[in-house]
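Enquirer:
In this note's numbering, the protein residues as written are 16 to 140.
1. Measuring alpha carbon to alpha carbon, tell me which residue in 133, 107, 89, 71 is nearest residue 44.
2. Suppose you measure from the CA of residue 128 to the CA of residue 119; what does that come to, to the nearest Å?
3. Could you tell me the alpha carbon to alpha carbon distance between residue 109 and residue 57, rounded to whole angstroms?
4. So, under 8 Å CB-CB, residue 67 and residue 77 are touching, yes? Tell me the CB distance rounded to an integer number of Å.
5. Short of 7 Å in beta carbon distance, which residues of its chain neighbour residue 104, apart from the five on each side in sequence? Order them along the chain.
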């Protein structure tokens with residue numbers, strides 16, 4: 016079994032303490048990368064996805080209004096919460112990236128660009 020850390024390094028996965036609350040599985044085939052992230056407690060409108068210069072960034076951010084007048088003796092739910100992940104995914108069709116969010120699971124389909132022949136024969140004079 017290969018440690019997950021190696022895959023993080025190969026894919027350019029940014030691991031931060033905040034990313035631990037946004038667990039992710041990544042798979043691929045010849046046509047696309049498939050990301051599936053757990054983002055519990057957030058709504059679709061709380062999530063922003065952007066792709067810029069080979070980096071796919073997912074940010075989930077929300078503010079919970081705490082206007083109640085309860086006298087808390089212990090509180091774990093914050094009034095503000097933010098988590099984010101960033102992935103280095105190059106050679107993708109950025110105009111065709113699609114995302115679906117349902118029941119706390121964000122699925123992102125990142126199509127790959129068709130591979131083009133990069134081999135060039137150089138003539139010798």
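Built from N, CA and C at the ideal position, the CB exists for glycine as well.
Quantities reported herein were computed from a predicted structural model and do not represent experimental measurements.
Expert: Reading it off the structure:
1. Taking the first residue of the chain shown as position 1, residue 44 is located at position 29. The candidate whose alpha carbon is nearest that of residue 44 is 107.
2. Residue numbering aside, residue 128 sits at position 113 when the chain shown is read from its first letter. Residue numbering aside, residue 119 sits at position 104 when the chain shown is read from its first letter. For the pair residue 128 and residue 119, the Cα-to-Cα distance works out to about 29 Å.
3. To locate residue 109, count along the chain shown from 1; it is residue 94. To locate residue 57, count along the chain shown from 1; it is residue 42. The straight-line gap separating the alpha-carbon atoms of residue 109 and residue 57 is approximately 25 Å.
4. On the chain shown, residue 67 is found 52 positions in, with the first residue counted as 1. On the chain shown, residue 77 is found 62 positions in, with the first residue counted as 1. Cβ-Cβ separation between residue 67 and residue 77: approximately 23 Å, too far for a contact (criterion under 8 Å).
5. Here residue 104 refers to the residue found at position 89 when the chain shown is read from its first residue. Within the same chain, residue 104 has close Cβ partners 48, 69, 71, 125.
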